[in-house]
Each structure stands twice: as C-alpha cells, then as structure tokens.
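The numbering of the sequence shown is this note's numbering, which starts it at 225 and goes up by one. Glycine residues also receive a C-beta, built at the ideal position from the N, C-alpha and C atoms.
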Amino acid sequence: RANEIGWTDFSEGMKLLDSAEDDIERTLSLSKDIIDIEKDSERTVIDSEGIAPRTERPRKAMNQGKRELELGSLREAEKLFRIAKIRALDIIEHWENAEIAIQNAREAITGLRGSDLERMQSLMRAAEDEMDNESPGGALIIAQAIPGHVENLGEAMSAAKSKVEDAKEMLSRTDGLDTTIWDEMLSNATQAMEDGNGSMARGLADSIIREITATEEAKSSMQRALRQRKSLRKRWEGHIQENEWEEKLQEILDDTKSEKWRVALEKMETLTSDLDAIYAAQEDAEELLNFIENEWKDTRNKLESCGIGPQDKDRLACESEVSKARIALNSGDVDSCLKSLGKSDELMERLRRRF
Numbered sequence: 225r226a227n228e229i230g231w232t233d234f235s236e237g238m239k240l241l242d243s244a245e246d247d248i249e250r251t252l253s254l255s256k257d258i259i260d261i262e263k264d265s266e267r268t269v270i271d272s273e274g275i276a277p278r279t280e281r282p283r284k285a286m287n288q289g290k291r292e293l294e295l296g297s298l299r300e301a302e303k304l305f306r307i308a309k310i311r312a313l314d315i316i317e318h319w320e321n322a323e324i325a326i327q328n329a330r331e332a333i334t335g336l337r338g339s340d341l342e343r344m345q346s347l348m349r350a351a352e353d354e355m356d357n358e359s360p361g362g363a364l365i366i367a368q369a370i371p372g373h374v375e376n377l378g379e380a381m382s383a384a385k386s387k388v389e390d391a392k393e394m395l396s397r398t399d400g401l402d403t404t405i406w407d408e409m410l411s412n413a414t415q416a417m418e419d420g421n422g423s424m425a426r427g428l429a430d431s432i433i434r435e436i437t438a439t440e441e442a443k444s445s446m447q448r449a450l451r452q453r454k455s456l457r458k459r460w461e462g463h464i465q466e467n468e469w470e471e472k473l474q475e476i477l478d479d480t481k482s483e484k485w486r487v488a489l490e491k492m493e494t495l496t497s498d499l500d501a502i503y504a505a506q507e508d509a510e511e512l513l514n515f516i517e518n519e520w521k522d523t524r525n526k527l528e529s530c531g532i533g534p535q536d537k538d539r540l541a542c543e544s545e546v547s548k549a550r551i552a553l554n555s556g557d558v559d560s561c562l563k564s565l566g567k568s569d570e571l572m573e574r575l576r577r578r579f
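Here you go:
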C-alpha cells in the first residue's frame with residue numbers, strides 16, 4: 225500500500241512505511257516478551273494446582289492463551305496468560321485461608337435456630353458458591369464475616385431474652401387490668417425465643433411493655449379525672465346540652481368498669497376539649513352581648529328623650545331580641561344568642577335613624 229500511494233504522494237507513502245516498521249518492531253518485541261509471560265504464568269498455575277488440584281479456571285485460561293499464541297494472536301494470548309496468573313494467585317493467596325474460615329463459620333452457626341440460622345446459612349452458601357467458582361478471595365471475605373454476625377446475633381438474643389423477662393415481670397405486677405391479649409403475646413414471644421427468632425421475641429416484648437405502660441398511665445389519669453366528676457358536671461349544669469354531656473360521661477364510666485382505660489381516657493380528653501371550646505365560644509358571645517346590652521341601654525334612653533316609648537313596635541322587638549340573647553347564652557345556646565344579637569343590632573340601627 226505504501227508503494228502504491230508513494231507514486232502519487234511520497235510523504236504519505238513514507239509515513240505508512242514508518243508505521244509498518246513500528247508495528248513490526250512491537251510485534252518482534254512482544255514475541256520475545258510473550259515467552260517470558262507464558263513461562264511465568266505457567267509456573268504460577270502449577271503452584272496453584274499444587275494447593276487446589278481440582279481447580280480448573282487458571283489452567284483453562286492458560287490453555288486458551290496457548291491456542292491464541294499458536295494462531296498468531298499475540299495480544300489475546302498475552303491477555304489470557306495474565307488472566308490465568310491472576311486466577312492462580314487468588315488460589316495461592318486465599319484458598320487455604322478460605323477453607324479454614326468456612327470451617328470456622330460452619331462451627332459458629334451450629335448453635336443457631338430459626339430465622340437467625342437461615343440468614344447465616346444463606347451467607348454460608350454464598351461463601352461456598354465462591355469456592356465452587358474458584359474465587360477463594362471472595363469466599364474468604366464472606367466466611368470471615370459470619371462469626372462476627374453470629375456474635376451480634378448472640379448479643380441480640382440475650383437482649384431479647386432480657387426484654388421478654390421484663391415483659392413477664394411487668395405483666396405479673398399489673399393490677400386491675402385485663403391481661404388476656406398480653407398473656408397471649410408473651411406466650412408468642414416465649415415461643416419465638418425457643419425457635420431462635422430473637423427479633424420477633426423482642427418486638428412482642430417491647431409491644432407488651434409499651435401497651436401496659438400506656439394503659440397504666442391512662443388508668444392513673446382516668447382515676448384522677450373521675451375524682452373531679454362533680455366539678456366536671458358543674459360545667460354543664462343548666463346547659464342546653466346537659467343531657468348529652470351526661471350521656472358521654474356515663475359512656476366513659478362504663479368503659480372504666482370494663483377496664484377500657486385507654487378508650488375511656490381518649491373519650492374524656494375529647495369531652496373536656498369540646499367543653500373548653502364551647503366555653504371559649506360562650507366567653508366571646510358574653511363579651512359581645514355585654515356590648516350590645518350597653519348599647520341598647522344608651523339607645524333606649526335617647527328613645528325616651530325623643531318620645532319613642534316602650535310600646536313602640538321596633539323598640540319592643542329590639543328589647544325582646546336582647547332579652548332572648550341573654551336567655552339563650554345563659555342556657556349555653558351560643559348560636560341562638562348570636563342570632564338574636566344580630567337581629568337586635570339591626571333593630572337598634574333602625575331606631576337610631578328615628579332620632
């Protein structure tokens with residue numbers, strides 16, 4: 225090709241010749257080096273076969289490299305020889321240690337049960353798969369981690385056992401509480417411990433402790449609240465919703481008799497919150513009513529001075545609405561109070577226009 229191009233473009237032809245010479249030199253150099261690379265890799269593969277005679281991957285890469293060398297593919301042969309050496313070195317450096325680590329891991333998991341055992345067996349299989357794939361370095365990493373995991377599981381199991389004992393003790397100290405559900409949960413937690421499922425056992429024990437604590441706190445709060453029943457009832461005496469509040473209180477008392485302390489506390493908190501909201505609205509309405517009453521007193525005096533007497537139709541209507549507002553508020557009927565206040569304000573405005 226350089227000869228053909230050189231007839232028309234001498235400079236380009238010379239570049240092609242220089243490039244060809246460079247390729248020849250690299251090939252000759254690689255031809256010399258490839259023999260050394262092959263010998264070095266062969267020695268390493270033989271050493272690995274001495275440690276693990278049944279391994280195949282290093283020898284397989286070595287044989288493939290030799291075939292490529294015979295076919296003249298020097299670079300492919302070099303790559304395969306290097307791969308064979310890497311695989312062989314992995315076996316030389318890690319095989320024996322990996323076998324020892326796997327044996328140690330196998331011994332470490334012998335005392336496990338249930339889900340903990342299943343998780344560790346899964347790691348064991350992963351390590352063994354790495355060995356089957358002739359990757360002892362990966363197997364060593366996995367196997368060495370298993371005893372540490374087992375130690376952590378042991379600590380977790382010990383913590384779970386302690387938590388189950390705490391739940392059992394708390395159950396034994398409950399007074400006046402229905403423990404049927406908690407007894408069943410404790411039985412399940414104990415069974416989970418026997419099955420080696422520490423996480424489930426601890427979860428159940430934590431739930432028992434949390435539920436008992438919340439229930440005892442609710443019971444204590446309710447007992448304090450019930451001692452204030454008289455004060456609570458005074459808040460709705462004479463109120464338009466007195467019967468409704470009394471029914472709600474009776475529901476709460478029934479819940480406490482059934483030992484539904486948390487349900488009772490929730491209802492009591494709702495009841496007191498609703499009462500607080502209603503009395504806040506009544507205070508606002510009281511303030512507005514006082515203002516309207518004062519306004520009406522002033523307006524009424526001016527009406528008298530102008531000769532608009534008590535028998536006037538508009539004056540009578542306004543007097544009636546202000547009175548209705550006061551009566552409604554005294555009974556706790558805030559809505560009716562506000563409605564009457566609105567009408568009285570309109571009537572006062574009409575009366576003011578008359579003087």
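Where residue i falls, given that 16 or more other Cβ within 10 Å makes a residue buried
| i | result |
| --- | --- |
| ASP314 | buried |
| THR439 | buried |
| GLY586 | One cannot answer for residue 586 here, as it falls past the ends of the chain, which runs 225 to 579. |
| PHE579 | exposed |
| PHE515 | exposed |
| GLU570 | exposed |
| GLU266 | buried |
| ILE551 | exposed |
| ARG479 | It should be noted that the sequence gives Asp, not Arg, for residue 479. ASP479 comes out buried. |
| SER272 | buried |
| GLU573 | exposed |
| LYS526 | exposed |
| CYS561 | buried |
| GLU393 | exposed |
| PRO282 | buried |
| ILE326 | buried |
| LYS443 | buried |
| CYS542 | buried |
| ASP340 | buried |
| GLU342 | exposed |
| ASN518 | exposed |
| ARG457 | exposed |
| LEU252 | Here the model assigns LEU252 a pLDDT of 48, short of 50, so the residue's position is not dependable, and the following value carries that caveat. So LEU252 ends up on the exposed side. |
| ARG426 | buried |
| ALA504 | exposed |
| GLU545 | buried |
CA nearest to the CA of residue i, picked from the options
| i | options | result |
| --- | --- | --- |
| ASP407 | ILE436, LEU477, ILE258 and ASP536 | ILE436 |
| TRP520 | SER555, SER547 and SER396 | SER547 |
| LYS481 | SER297, GLU389 and LEU401 | LEU401 |
| GLY335 | ARG306, GLY362 and LEU377 | LEU377 |
| LEU473 | ILE464, SER396, THR496 and GLY462 | THR496 |
| ASN554 | ASP478, THR403, GLN535 and GLU461 | GLU461 |
| ASP257 | ALA276, LYS284, GLU280 and LYS303 | LYS303 |
| ILE476 | SER445, GLN506 and ARG330 | SER445 |
| ASP538 | LYS563, VAL558 and ARG576 | ARG576 |
| ASN328 | GLU352, ARG306, ILE307 and ASP340 | GLU352 |
| THR523 | SER564, VAL558 and SER568 | SER568 |
| ASN357 | ARG457, GLU280 and ILE433 | GLU280 |
| GLU375 | CYS530, MET286, GLU331 and SER359 | GLU331 |
| ALA429 | SER386, LYS454, THR404 and ASP399 | SER386 |
| ILE197 | TRP485, ILE324, LEU341 and MET286 | The chain is shown only over 225 to 579; residue 197 falls outside these bounds and no answer can be derived. |
| ASP419 | ARG451, ALA384, ASP399 and GLU483 | ALA384 |
| ALA549 | GLY533, GLY566 and PRO534 | GLY566 |
| ARG306 | SER564, GLU543, ILE259 and MET344 | ILE259 |
| HIS463 | GLN452, VAL487, GLN506 and ILE433 | GLN506 |
| ARG486 | GLU528, ARG457 and GLU441 | GLU441 |
| THR404 | GLU483, ARG299 and GLU517 | GLU483 |
| LEU298 | GLU262, GLN345, ALA276 and ALA308 | GLU262 |
| PRO277 | MET344, ALA312, GLY422 and ASN421 | ALA312 |
| GLU468 | THR398, ILE532, GLY556 and ILE275 | GLY556 |
| GLY422 | SER396, VAL388 and ARG451 | VAL388 |
| SER564 | LEU512, ILE532, PRO534 and ARG451 | LEU512 |
| ILE324 | THR398, ALA308, GLY338 and MET348 | MET348 |
| ALA380 | MET424, GLN452, SER529 and ASP559 | MET424 |
Notebook entry, point to check: Per the contact definition of three or more C-beta pairs closer than 8 Å, is the region 290-297 in contact with the region 366-377?
Noted result: no
Check: Where in the region 249-297 do unbroken runs of the alpha helix (DSSP H), each at least 4 residues long, occur, reported from the N-terminal end onward?
Finding: 281-294
Next item on the list: Please go through the region 537-570 and give each complete beta strand (DSSP E) segment of 3 or more residues, from N-terminal end onward.
Entry: none
Note to self: Which runs of the alpha helix (DSSP H) at least 4 residues long sit entirely within the region 288-352? Give them in chain order.
What the structure shows: 298-332
Notebook entry, point to check: Is it a yes or a no for the region 521-540 touching the region 487-504, going by three-plus beta-carbon pairs under 8 Å?
Noted result: no
Notebook entry, point to check: Below 8 Å, can you find three or more Cβ-Cβ pairs linking the region 305-322 to the region 357-364?
Noted result: yes
Notebook entry, point to check: Can we say the region 404-418 touches the region 447-454, given the rule of at least three CB pairs closer than 8 Å?
Noted result: no
Note to self: Just to confirm the assignment: which complete alpha helix (DSSP H) runs, minimum length 4, are found wholly within the region 394-454?
What the structure shows: 404-418 and 422-450
Checklist line | Those runs of the alpha helix (DSSP H) which lie wholly inside the region 450-514 and span at least 4 residues | finding: 453-458 and 466-481
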